[in-house]
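Working notes, structure below.
In the numbering used here, the protein residues as written are 37 to 662.
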């Protein structure tokens, strides 16, 4: 029985489950269950040096090299040590699952702060290897040290990788691919390496954005916390408009020429409006079915200073300003993003789950994600030029930004109808993000049609362009019911009181943990307040007594895991900045140290105060029978 491949596969799945999120594990389990044990070609090969062969529709594919695994692993690890990639707190992205030996050896080499993430570009190979690999060494690896990305569609692995990266505190990762796998699958793996490098470049930009806005997002999420409990998740909308057409209303200059078409057909299609365009379309007599916003800045609030139609619903990202959400109370469906991963993971563990929508640069991406989520087979983009006419006009008339002009940071990109159009480097990044996302959607939903209706604009790959006047000539699937009554009915099964009382013990435990962080960070803050003539007192902050206090904060965050997750939503980019800071630049290092630990203290204090308010609110509602 021990050597039975089916038994080996099931035992290996059991060992892997603790390292994978539920969705990734479910996909791997499905793949393994539909696979057959790999053929073993042992002819002329010493025992233990076997090459595993997988039968595929295109022939036989080797699953590993014939080299002795342990020797190959040791040579490879020595090379990584020579390259400086195996430090105490190294982060490694390992491309390719060639068996247990390498991962177990790497886990043993890394310190408690080190992390490993594995992406296998060929999920079928991963599943086939489970019938033969000895993964018993995984039993001794802590669950948070190792992660996996796996799925039928490899692109799903990016979600797992992105979520994993957002949960760690330390520096940018190194890419690792074993030589024998690179030899066996060179072209495929090099393509993956390039994709991951592109992702890491984007992650650096995301970290810079998080550095600027994380505190605002966290502040808003704390204020908006009760919406998590009192409004339904967007899961109530899943596939609600299957095989219908959605029109995305962006705020670009080309929106104005599309308004007559949208107004005429607003009852036929699902209208999804970004906040920037809301004033314009409401003033023109259009009632959007859904309004969406993800920007947490207070500067967004004036976009909603209009009489919002009673039949419009809000797709609610809880990192936006509370003033916006208050306008849609009772007409909201909550979704999550990866902006506050710690809070999301904590809520999910406590049974409060809201599906995620994609966020990437521009809110239009999230609007398209919503259209796909509700099942639409056709998505029409309007006001999504991501470029400007030569006079630099940035927005449609009536949006409140019609007088804005762009005159700096300009570049040119491919146009829909001309060789080049004028845009900014920021918009050029958005174009790439949208093109990559649409390519992903194309593979995931082969029948999906994304059409950019514009007479100008930048070319977005995987989105066909059409002149606005030609829209009436194409056949688009229509909605043939009262959309408002239908959407309203989808909320009827939601019972907000079902989980609030169940959440109380977890909230109280979280407050105890946050209080423990506050207790050790408060005296450290007093020691770090020393300054001289308005300048940072480097000696005081780096004094042994202060450093010892900071070590206590680090220990408290590790010992109080949930509090650490919540605080990490704000402090992660600050940790990254500090870990990448030149330690020889004493003044800069001290400034970043002060910024980091001050943020830890302030975030813990803010979260503790807000959660205590929520505990009191829930208890009072329970007493009153609400």
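Ideal placement from N, C-alpha and C gives every residue a C-beta, glycine not left out.
| query | result |
| --- | --- |
| Proximal residues to residue 361 (C-beta, below 8 angstroms), its chain only, five neighbours per side dropped | 260, 263, 350, 352, 354, 368 |
| Meets three-Cβ-pair contact criterion under 8 angstroms: the region 418 to 425 and the region 286 to 303 | yes |
| Proximity winner among 325, 311, 346, 276, relative to residue 299 (alpha-carbon distances) | 325 |
| Residue 184, DSSP secondary structure in three states | strand |
| Residue interval of the alpha helix (DSSP H) (run including residue 317) | 314 to 319 |
| Cβ-based burial, residue 447 [other Cβ within 10 Å; buried from 16] | exposed |
| 7 angstroms CB neighbourhood of residue 497 in its chain, flanking five on each side removed | 471, 474, 475 |
| Straight-line gap, residue 54 to residue 603 (C-alpha atoms, nearest Å) | 24 angstroms |
| Contained beta strand (DSSP E) runs [length at least 3] in the region 338 to 386, N- to C-terminal order | 349 to 353, 368 to 371 |
| Euclidean distance between Cα positions of residue 411 and residue 365 | 25 angstroms |
| Outcome for residue 171 when other beta-carbon atoms lying within 10 angstroms are tallied against a minimum of 16 | buried |
| Minimum C-alpha distance to residue 47 - residue among 431, 163, 574, 409 | 163 |
| Residue burial classification, residue 65 (beta-carbon count within 10 angstroms, cutoff 16) | buried |
| Residue 84 classed as buried or exposed, judged by whether at least 16 other C-beta atoms fall within 10 angstroms | In this prediction, residue 84 has a pLDDT of 49, which is less than 50 and means its spatial position is unreliable; what the coordinates show is noted afterwards. It counts as exposed. |
| Residue 341 versus residue 327: straight-line alpha-carbon distance, rounded | 14 angstroms |
| Opening and closing residue of the beta strand (DSSP E) in which residue 434 lies | Taken as a continuous stretch (DSSP letters only), residue 434 belongs to no beta strand (DSSP E), as it is neither H nor E. |
| Residue 404 beta carbon less than 8 angstroms from that of residue 284 | yes |
| Beta-bridge partners of residue 335, as assigned by DSSP | Partner(s): none; residue 335 has no beta bridge. |
| Residue 410 - DSSP class collapsed to helix/strand/coil | coil |
| Nearest-angstrom beta carbon gap, residue 559 and residue 585 [assumed within contact, 8 angstroms] | 6 angstroms |
| Within 8 angstroms, strictly: CB atoms of residue 459 and residue 494 | yes |
| Element boundaries [alpha helix (DSSP H), containing residue 583] | 580 to 595 |
| Given 8 angstroms, three or more beta-carbon pairs between the region 313 to 320 and the region 523 to 530 | no |
| Euclidean distance between Cα positions of residue 38 and residue 167 | Per-residue confidence for residue 38 stands at a pLDDT of 49, beneath the threshold of 50, marking its modelled position as unreliable; the derived number appears in the next sentence. Each residue's alpha carbon lies about 12 angstroms from the other. |
| Candidates 450, 406, 399, 521, of which the one nearest residue 419 by Cα | 399 |
| Whole-angstrom distance between residue 370 and residue 503, CA atom to CA atom | 34 angstroms |
| First through last residue of the beta strand (DSSP E) which encompasses residue 129 | 127 to 131 |
| Outcome for residue 279 when other beta-carbon atoms lying within 10 angstroms are tallied against a minimum of 16 | exposed |
| Check whether residue 402 and residue 356 have beta carbons under 8 angstroms apart | no |
| Residue 69: first and last residue of the uninterrupted alpha helix (DSSP H) it sits in | 58 to 69 |
| Whether residue 210 touches residue 128 by CB criterion (8 angstroms) | yes |
| Cβ pair residue 605, residue 376 closer than 8 angstroms | yes |
| Cβ separation of residue 269 and residue 390, assumed to be a contact under 8 angstroms, to the nearest whole Å | 4 angstroms |
| Coil, strand or helix - residue 206 by DSSP | Residue placement at residue 206 is poorly supported in this model, since its pLDDT is 48, which falls under 50; the coordinates still yield a value, given next. Residue 206: coil per DSSP, three-state reduction. |
| Beta-carbon proximity of residue 121 to residue 212, cut-off 8 angstroms | yes |
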